[in-house]
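Colleague:
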Amino acid sequence: MRLFVALDLPHPVREALQELVRQLQRASADVRWVRREGMHLTLKFIGEVPEEKLPLIQEALGEVTSPAPAELDFRSLGYFPNERRPRVLWVGVQASDNLAPLAAQIEAALEPLGIPRERRAYAPHLTLGRFKSPQRLPRLLEEVGRLHEKEFGRVWVEEFVLYQSRLSPHGARYTRLQIFPFVRS
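Going from the sequence shown to the numbering used here is simple: count from 1 and add 26.
1. Considering only their Cβ atoms, is the gap separating A42 from R162 smaller than 9 Å?
2. Inspect the beta-carbon positions of E74 and R110 and report whether they are closer than 9 Å.
3. Where do the N-terminal and C-terminal ends of the beta strand (DSSP E) with L167 fall, by residue?
4. So, helix, strand or coil for K70, using DSSP?
5. Taking three-plus beta-carbon pairs below 8 Å as touching, is the segment 122-129 in contact with the segment 92-107?
6. Distance, Cα to Cα, I83 vs H196?
7. Ignoring anything shorter than 4 residues, give me the alpha helix (DSSP H) runs that lie fully in the segment 80-155, in order along the chain.
8. Quick one: any contact between the segment 156-172 and the segment 57-64, if contact means 3 or more CB pairs under 8 Å?
9. So for P207, helix, strand or coil by DSSP?
10. DSSP on V39, reduced to helix/strand/coil?
11. Among the candidates R210, I205, V183, whose CA atom is the shortest distance from the CA of F30?
12. Here's a check: name, in chain order, each residue in its chain whose Cβ is nearer than 7 Å to the Cβ of G104, leaving out the five neighbours to either side.
13. Would you mind sorting F71 into buried or exposed? The rule is 16 or more other CB atoms within 10 Å of its CB.
14. Cα separation between A86 and P160?
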């Protein structure tokens with residue numbers, strides 16, 4: 027099974043981001059765009075694990091808590107690794123101070139199960155598209171520059187989701203396996 031942990035986006039944020047994708051698609055760049063239903067904020071990519079490990083992963087994730095909801099403000103656009111050789115177009119996320127510790131707690135909960143920690147510090151972002159080639163890039167770069175500081179919504183979340191990802195020629199398909207409330211009284 028291929029698994030990851032993510033925060034879901036509420037409908038108004040998904041709609042704002044889908045409208046952004048529609049605008050950017052007009053530039054006709056060679057980009058594989060994320061579908062509306064695939065938009066999420068990843069906290070931890072787990073990767074391939076044997077199915078029999080699933081109950082242990084679910085138990086470990088059930089222990090993760092935070093004292094308050096996480097606040098997420100979706101704004102700005104950028105590229106990985108950079109604008110000259112973009113491979114990924116992303117939307118930035120300004121998050122409350124408890125989001126990085128929440129991601130770190132998920133890492134710590136899964137490490138005893140043989141799931142390695144990320145080497146890089148957690149940097150919240152939402153992937154909008156992956157570049158297939160640099161064809162027709164200047165027009166897209168211009169449009170992204172025009173929309174660079176646009177805001178796409180602010181939300182508060184109190185739960186994360188364990189997803190299964192199935193790869194296909196038409197893109198990844200995500201299935202919710204379990205929802206984990208992380209704010210407890």
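Note that CB positions come from ideal geometry on N, CA and C, so glycine has one too.
Note that this is a predicted model, so its numbers are computed, not measured.
Modeller: Taking the geometry as given:
1. Position 136 of the sequence shown holds residue 162. Position 16 of the sequence shown holds residue 42. Taking 9 Å as the Cβ cut-off, R162 and A42 do not qualify as a contacting pair.
2. Taking the first residue of the sequence shown as position 1, residue 74 is located at position 48. Taking the first residue of the sequence shown as position 1, residue 110 is located at position 84. Cβ distance not < 9 Å, so E74 and R110 don't count as in contact.
3. The residue given as residue 167 occupies position 141 in the sequence shown. It is not in any beta strand (DSSP E) - L167 instead sits in the alpha helix (DSSP H) that spans 163-173.
4. Along the sequence shown, one-based indexing puts residue 70 at 44. If DSSP states are grouped into helix, strand and coil, K70 belongs with the strands.
5. yes
6. Numbered from its first residue, the sequence shown carries residue 83 at position 57. Numbered from its first residue, the sequence shown carries residue 196 at position 170. Roughly 28 Å between the two C-alpha positions.
7. Listed in chain order, they are 80-87, 125-136.
8. Touching, yes.
9. Taking the sequence shown and counting its residues from 1, the one referred to as residue 207 is at position 181. In the structure shown, the three-state DSSP call for P207 is strand.
10. For the purposes of this step, residue 39 is taken as residue 13 along the sequence shown, with counting starting at 1. If DSSP states are grouped into helix, strand and coil, V39 belongs with the helices.
11. Mapped onto the sequence shown, residue 30 falls at position 4. Of R210, I205, V183, the residue nearest in Cα terms is I205.
12. The count along the sequence shown starts at 1 and reaches residue 104 at position 78. Cβ within range, chain order: W116, G118.
13. As a position in the sequence shown, residue 71 is number 45, starting the count at 1. It counts as exposed.
14. Position 60 of the sequence shown, counted from the first residue, corresponds to residue 86. Position 134 of the sequence shown, counted from the first residue, corresponds to residue 160. Rounded to whole angstroms, A86 to P160 spans 42 Å at the Cα level.
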